[in-house]
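K.L.:
Sequential numbering of the sequence shown, starting at -3, is according to our numbering.
Even for Gly, the Cβ is constructed at its ideal location relative to N, Cα and C.
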Amino acid sequence: TSETDVSRDSEHKFQRDIIYQNYLNENKSRLPTGIENIRSHIENVDNVPLLVSLFTDCNSAAVQEMLEIMHEHGEIVCVVGSCLALNNLHLFRVADAAVALFPQKPPICLNQHYWRPPEPIPDASASEATPLLPKKTSTLEFAGQLIASFCPLVGHMDRGGFAIYSLISECHYSVNNFYLCWKFGLTACLFLNGLLFCVVFALLLLHLFYAPLALNESLCIFCHQAYLWVICFVLPALTVSIWNRRVERLKPMRQPPLKRNQLASKTRVIRFVWYVSVRFVPSVSFCCAFFITQMLIYHGNLYEWDSQQTVSQAYERISEMLLFQFVLYLVCISFSYANAGQAFFRFRFSTNPCWLLLSLI
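1) Using the DSSP secondary-structure output, state which residues sit across from A94 in a beta bridge.
2) Counting only the same chain and skipping the five closest in sequence on each side, list residues whose C-beta sits under 8 Å from that of F174.
3) Quick check on the burial criterion: 16 or more other C-beta atoms within 10 angstroms. Buried or exposed for W270?
4) So, helix, strand or coil for L142, using DSSP?
5) CB of R12 to nearest heavy atom of the ligand SAH: below 7 Å?
6) Rounded to the nearest angstrom, what separates C167 and D13 at their Cα positions?
7) Determine whether the beta carbon atoms of A336 and R241 lie at a separation below 8 Å.
8) Near F345, what residues of its chain come up, given a Cβ to Cβ distance below 8 Å and the 5 sequence neighbours on each side ignored?
9) Mind checking who N151 pairs with in its DSSP beta bridge?
10) Using only CA atoms, which one of I314, K101, L85 lies nearest to I293?
11) Quick one: measure Cβ to Cβ for L182 and L326, integer angstroms, because I've assumed they're closer than 8 Å.
12) If you follow the alpha helix (DSSP H) that W225 is in, where does it begin and where does it stop?
13) If you scan the region 165 to 206 from start to end, which runs of the alpha helix (DSSP H) of 4 or more residues do you find wholly inside it?
14) Whose CA, out of V196, D42, Y223, lies closest to the CA of C284?
15) Looking at C74: is its Cβ nearer than 8 Å to the Cβ of A91?
16) Decide if G30 is buried, meaning its Cβ has at least 16 other Cβ atoms within 10 Å, or exposed.
17) Find out if the Cβ-Cβ distance for the pair S279, I329 is shorter than 8 Å.
18) With DSSP as the reference, label N240 as helix, strand or coil.
19) Thinking just about the alpha-carbon of each residue, which of A96, F343, L318 is nearest to the one in N83?
20) Less than 8 Å between the C-beta atoms of L318 and F287, yes or no?
21) Could you pull out every residue in the same chain whose Cβ sits closer than 7 Å to the Cβ of P28, ignoring the five residues on either side in sequence?
22) Please work out which residues of its chain come closer than 6 Å, Cβ to Cβ, to Q305, disregarding the five sequence neighbours upstream and downstream, and give them in chain order.
23) CB-CB under 8 Å to A93, same chain, minus the five flanking residues each way: which ones, in chain order?
24) Out of L192, L200, G77, which one is the CA nearest neighbour of I143?
25) From F159 to P99, what distance separates their C-alpha atoms?
26) Rounded to a whole number of angstroms, what is the C-alpha to C-alpha distance between G70 and L163?
27) Does H69 come out as helix, strand or coil in the three-state DSSP assignment?
28) Could you tell me which of V243, T289, L192, L200 sits nearest to Y223, measuring between CA atoms?
29) Candidates S355, L47, R89: which alpha carbon is nearest S237's?
30) With distances taken Cα to Cα, identify the nearest neighbour of L188 among W225, Q11, H152, L176.
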C-alpha cells in the first residue's frame, strides 16, 4: 500500500507539473520575428513589441521602421546611439529625444603601433587669434559632432561623470517641478483676475441700490498698490519657490510614461479642473463673501460720515484687507504644490526650504 501511495503521489505531482507548464506556455508572450510582422502582431495579439526596447540582428532601416511603428501608437521614443555611425544620423532626427555617445575604442586601437591619432584639420583662412576650431579637435571628433547635431546631449563613454539613468531621473524631476510651477502660477493669476471681476460685479450691484460714491472713483480706489504687490512680488515668489521641491526624486521614474494622445486627454483635463477648483474656488468664494459683508457693514455708517475722503479710506481699507486675505489663501494653496507627492504631515524643512522662507516673509 505504501508503494501504491508513493506512486500515486508522484503521478499527481507529474500531472500538476504538466498543467503548470501548459499554463505557462499558453500565457507566454511571443514576440514576432521580422519587422514586417510587428504591425499585425500589435493589432491581433498584444502590444508586447512596444514594451521591449531591445533589438537583435537589426540594421538601421529596421530600427527606423520600429520608431515609426512606435510613433503610430503614440509612444515617445528616446534614441541612444553612437555618434561615429553615419546611419544613426537619421535615427537621431526621427526620435523625440536623442543622446549621442562617443564610444570607447577597442584595445587594438589604443595601441600606438597600430593606430595613430588623427591630426587636426588645418585652416589657413582662420587667424591665430580667433581660430574656428580648437587646436586639439580631431577629424574623428569633428565628424562625431556633426552626426550628433540633432542631439541636445553628447557624452563620452571613456570619461567619467556621465550617468544616463541619473540624468534622466533629474530631467523627470525638473520637468515635474516646472509643471507644478506653471500650474500654480497660471491658475493663481486666473483666479486673482476672477476675484477682481467678482468684486467689481459686487460693487456694481451695491451701486445700483446704494450710491455713496461715484462709480468711476470707487473702481479706481480698488485698484491700489496692493494689487501690484500681489502680481509683482507674491505670485512670482511663491511660484519660483515650488521649483525647489525635493519630494520623491525617483518617483517619476516608477510611473508609466504617457503617450502622445494622453497628454491632453479628457480624463486629465477633468482631473486638472477638479483639483484646481477644489483649491481655488473656496478661497475666491470666501474672499467675495468677506468683501460683500464688509461693504454692507460699512454702508450703515457711510451716510453719517461728513467727508468724501473718509468714505474713500473705507473702500481702501476693505480692498487691502481683501487682498491680504487672498495672499494668505495663496500661501496655503502653494503648500499643496510645494509638498506635492507626500502627506502634509511629512513636510520637513528639507522638503522645500525656499518655499518655507518665502512664505514666512
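P.N.:
Once the coordinates are examined:
1) By one-based count along the sequence shown, residue 94 stands at place 98. In DSSP, A94 forms a bridge with V75.
2) Position 178 of the sequence shown, counting from 1, holds the residue named residue 174. Result list for F174: W239, in chain order.
3) Taking the sequence shown and counting its residues from 1, one reaches residue 270 at position 274. It counts as exposed.
4) The residue given as residue 142 occupies position 146 in the sequence shown. If DSSP states are grouped into helix, strand and coil, L142 belongs with the helices.
5) No copy of the ligand SAH appears in this structure; indeed no ligand is present at all.
6) For the purposes of this step, residue 167 is identified with residue 171 of the sequence shown, where counting begins at 1. For the purposes of this step, residue 13 is identified with residue 17 of the sequence shown, where counting begins at 1. Taking the straight line joining both Cα atoms gives about 47 Å.
7) To locate residue 336, count along the sequence shown from 1; it is residue 340. To locate residue 241, count along the sequence shown from 1; it is residue 245. For A336 and R241, yes; Cβs fall inside 8 Å.
8) Taking the sequence shown and counting its residues from 1, the one referred to as residue 345 is at position 349. Around F345: L352.
9) Within the sequence shown, numbered from 1, the residue matching residue 151 stands at position 155. Residue identity check: residue 151 is Gly in the sequence provided, not Asn. G151 pairs with L97.
10) Stepping through the sequence shown from its first residue, residue 293 is reached at position 297. That would be I314, whose Cα lies nearest to the Cα of I293.
11) Looking up residue 182 in the sequence shown gives position 186. Looking up residue 326 in the sequence shown gives position 330. The pair is not a contact, with the Cβ atoms about 13 Å apart (cut-off 8 Å).
12) In the sequence shown, residue 225 corresponds to position 229, counting from 1. Start and end: 221 to 225.
13) none
14) To locate residue 284, count along the sequence shown from 1; it is residue 288. With distances taken between Cα atoms, C284 lies closest to V196.
15) Translated into the one-based positions of the sequence shown, residue 74 becomes position 78. Translated into the one-based positions of the sequence shown, residue 91 becomes position 95. Result yes, Cβ atoms of C74 and A91 sit closer than 8 Å.
16) In the sequence shown, counting from the first residue as 1, residue 30 sits at position 34. Result: exposed.
17) Within the sequence shown, residue 279 is the residue found at index 283, counting from 1. Within the sequence shown, residue 329 is the residue found at index 333, counting from 1. A contact, by the Cβ cut-off of 8 Å.
18) Here residue 240 corresponds to residue number 244 of the sequence shown, with the count starting at 1. Looking at N240 - three-state DSSP - the assignment turns out to be helix.
19) Counted from its first residue, the sequence shown places residue 83 at position 87. Cα-wise, what sits closest to N83 is A96.
20) Position 322 of the sequence shown, counted from the first residue, corresponds to residue 318. Position 291 of the sequence shown, counted from the first residue, corresponds to residue 287. In contact: L318 and F287 (Cβ atoms closer than 8 Å).
21) For the purposes of this step, residue 28 is identified with residue 32 of the sequence shown, where counting begins at 1. Here the set comprises I34, H37, P45.
22) Numbered from 1 along the sequence shown, position 309 holds the residue referred to as residue 305. Since pLDDT at Q305 reaches only 49, below the 50 mark, its modelled position is unreliable, and no value is offered.
23) Here residue 93 refers to the residue found at position 97 when the sequence shown is read from its first residue. Correct list, in chain order: I72, V73, C74, V75, P148.
24) Taking the first residue of the sequence shown as 1, we reach residue 143 at position 147. If we check each option's Cα against that of I143, G77 comes out closest.
25) Your numbering for residue 159 matches position 163 in the sequence shown. Your numbering for residue 99 matches position 103 in the sequence shown. It is worth fixing the name first, because residue 159 is Ala in this sequence and not Phe. Whole-angstrom Cα-Cα distance: 14 Å.
26) Along the sequence shown, one-based indexing puts residue 70 at 74. Along the sequence shown, one-based indexing puts residue 163 at 167. Each residue's Cα considered, the two are about 24 Å apart.
27) Residue 69 sits at position 73 when you count from the first residue of the sequence shown. In the structure shown, H69 sits in coil (DSSP, three-state: anything other than H, G, I, E or B).
28) Counting from one through the sequence shown, the residue named residue 223 turns up at place 227. Comparing Cα positions, the closest option is L192.
29) Numbered from its first residue, the sequence shown carries residue 237 at position 241. The shortest Cα separation from S237 among S355, L47, R89 belongs to S355.
30) To locate residue 188, count along the sequence shown from 1; it is residue 192. Checked all of W225, Q11, H152, L176; the closest Cα to L188 is W225.
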